[in-house]
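Protein chains in written order, with our numbering: chain G, 1366 to 1465; chain Y, 1366 to 1465; chain H, 1366 to 1465; chain R, 1366 to 1465.
Cβ coordinates follow ideal geometry from the N, Cα and C atoms, glycine included.
There are 4 protein chains.
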Amino acid sequence: MNDWEKLIKQIDDFRNARDWRQYHNPKDLAISLSIEAAELLEDFQWRSSKEAVRSNAENIREEIADVMIYALMLCSELDLDVQEIIEEKLKKNAVKYPVK
Amino acid sequence: MNDWEKLIKQIDDFRNARDWRQYHNPKDLAISLSIEAAELLEDFQWRSSKEAVRSNAENIREEIADVMIYALMLCSELDLDVQEIIEEKLKKNAVKYPVK
Amino acid sequence: MNDWEKLIKQIDDFRNARDWRQYHNPKDLAISLSIEAAELLEDFQWRSSKEAVRSNAENIREEIADVMIYALMLCSELDLDVQEIIEEKLKKNAVKYPVK
Amino acid sequence: MNDWEKLIKQIDDFRNARDWRQYHNPKDLAISLSIEAAELLEDFQWRSSKEAVRSNAENIREEIADVMIYALMLCSELDLDVQEIIEEKLKKNAVKYPVK
Chain G
1366 MNDWEKLIKQ
1376 IDDFRNARDW
1386 RQYHNPKDLA
1396 ISLSIEAAEL
1406 LEDFQWRSSK
1416 EAVRSNAENI
1426 REEIADVMIY
1436 ALMLCSELDL
1446 DVQEIIEEKL
1456 KKNAVKYPVK
Chain Y
1366 MNDWEKLIKQ
1376 IDDFRNARDW
1386 RQYHNPKDLA
1396 ISLSIEAAEL
1406 LEDFQWRSSK
1416 EAVRSNAENI
1426 REEIADVMIY
1436 ALMLCSELDL
1446 DVQEIIEEKL
1456 KKNAVKYPVK
Chain H
1366 MNDWEKLIKQ
1376 IDDFRNARDW
1386 RQYHNPKDLA
1396 ISLSIEAAEL
1406 LEDFQWRSSK
1416 EAVRSNAENI
1426 REEIADVMIY
1436 ALMLCSELDL
1446 DVQEIIEEKL
1456 KKNAVKYPVK
Chain R
1366 MNDWEKLIKQ
1376 IDDFRNARDW
1386 RQYHNPKDLA
1396 ISLSIEAAEL
1406 LEDFQWRSSK
1416 EAVRSNAENI
1426 REEIADVMIY
1436 ALMLCSELDL
1446 DVQEIIEEKL
1456 KKNAVKYPVK
């Protein structure tokens, strides 16, 4: 098991223990991911980036964790390998945006 | 280096090579994360979860990768440890939602 | 008929002519509203507010229209009066944020 | 003054009285619009559309109002005519999606 698989296992254990997985279809997980991304954005509302980081560091940290947790649940539900999908996307981006 | 540190390094190498890091303040990264989360959601628009997964599997995979890439950039910029912030959040959630 | 009732009628005529209303349950309309809001935000990505307004004026205008169209469809589906819900919210906000 | 202009005037009076307009640049308003759209979406999280409408009617109403208030502030800041931008967008959509 690599580190991502271990993290996904911790998250799956968490939701299995609460019998939550029945609600976790990919569409509702994608909705939740969007909501968490907006909660992260809320930490930056009406503030410069620096002010936000200074005053909301703790909450920013938690909201990034929430976003990652939902993304990892989606990887689990859809049987995606985190490392693989990110490396594939970076390769695709490298073609789209070549280094000058 | 553990597995996410390696991924963060790959992502940082990618954006350093393109001199993009000057634009990557946390506020604009949080904006981008929200935009990518909405692009993922778009794959589920006007469809049931199952239909979406069936017809947009490839794109769903890429959008989840994009979300993870921005989340990892935020971890890099803010010097956050992926494992640590996720485990902390799971612990906090475990208190909030105890197993019955 | 007041001005927003007229606009809602135009929007409803548009979607009735295309037989789209069968898909327009409030949950999927709320998803679409979030997606459009993110498309508006995309016009401001990696730019200052002023630069965005200067370079993307036309698109910003269209995305605001899209957001309003989905909000008006929701008002139509849920039988809400635009003026009434906005005035109620302003009153509630006035209590929450009193003028000093 | 048409009905939209009257509503925008009420909203502008509200924020002028609180001296908020100095913060209301279009980029931060677009961020806020995205956050409010996500709060609306939250009323539908983990629920069918019907269940959400049944259990969260009051809050859905308020969140739609919040979305419209931010959209109208953007119209005010950017000097856009609500009726005009919506009619233009409907015309453009009519070309893109002709009636069969």
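May I ask you to report which of helix, strand or coil DSSP gives residue i?
i, result
"R:Leu1405", "helix"
"R:Val1464", "coil"
"Y:Leu1439", "helix"
"R:Met1433", "helix"
"H:Gln1387", "helix"
"H:Ser1399", "helix"
"Y:Gln1448", "helix"
"H:Arg1426", "helix"
"R:Asn1367", "coil"
"Y:Ser1413", "coil"
Compare the C-beta of residue i against all C-beta atoms of chain H and say whether one is closer than 8 Å.
i, result
"Y:Ala1436", "no"
Who are the neighbours of residue i on chain H, taking C-beta pairs under 8 Å?
i, result
"Y:Glu1442", "By Cβ distance, chain H contributes nothing, its closest Cβ being about 15 Å from Y:Glu1442, past 8 Å."
"R:Lys1374", "What R:Lys1374 touches in chain H: nothing, since even the nearest Cβ is about 12 Å away."
Using a Cβ-Cβ distance cut-off of 8 Å, determine whether residue i contacts chain G.
i, result
"Y:Gln1448", "yes"
"H:Ile1451", "no"
"Y:Arg1426", "yes"
"Y:Lys1461", "no"
Quick check on residue i: buried or exposed, where buried means 16 or more other Cβ atoms within 10 Å of its Cβ?
i, result
"R:Lys1392", "buried"
"H:Asp1431", "buried"
"H:Ser1397", "buried"
"Y:Ser1435", "It should be pointed out that residue 1435 of chain Y corresponds to Tyr in this sequence rather than to Ser. Buried, since its Cβ has 16 or more Cβ neighbours within 10 Å."
"Y:Asp1378", "exposed"
"R:Ser1413", "exposed"
"R:Ser1420", "exposed"
Residue j and residue i - do their beta-carbons sit closer together than 8 Å?
i, j, result
"G:Met1433", "G:His1389", "no"
"H:Leu1405", "R:Ala1395", "yes"
"R:Leu1455", "H:Ile1425", "no"
"H:Ser1399", "Y:Ala1417", "no"
"G:Leu1372", "Y:Ile1450", "no"
"G:Val1464", "Y:Arg1383", "yes"
"R:Asp1368", "H:Asn1381", "no"
"R:Glu1453", "R:Glu1428", "no"
Please list, in chain order, the chain H residues whose beta carbon lies closer than 7 Å to that of residue i.
i, result
"R:Ile1429", "Ala1436, Leu1439, Cys1440, Leu1445 and Ile1450"
For chain R, is any of its Cβ atoms less than 8 Å away from the one on residue i?
i, result
"G:Asp1393", "yes"
"G:Gln1410", "yes"
Against residue i, what residues of chain R qualify as contacts under a CB-to-CB distance less than 8 Å, listed in chain order?
i, result
"H:Met1433", "Met1433, Ala1436, Val1447, Ile1450 and Ile1451"
Quick check: is the beta carbon of residue i nearer than 8 Å to any beta carbon in chain Y?
i, result
"H:Ile1400", "yes"
"G:Asp1377", "no"
"G:Arg1419", "no"
"H:Glu1416", "no"
"H:Leu1455", "no"
"H:Glu1407", "yes"
So which residues on chain R does residue i lean against when the C-beta distance must stay under 7 Å?
i, result
"H:Val1464", "Ala1382 and Arg1383"
For residue i, which residues in chain G fall below 8 Å Cβ to Cβ?
i, result
"H:Ile1396", "Ile1396"
Within 8 Å (strictly less), CB to CB, does residue i reach chain A?
i, result
"G:Ala1422", "Among the chains of the structure shown, chain A does not appear; the protein chains present are G, Y, H and R."
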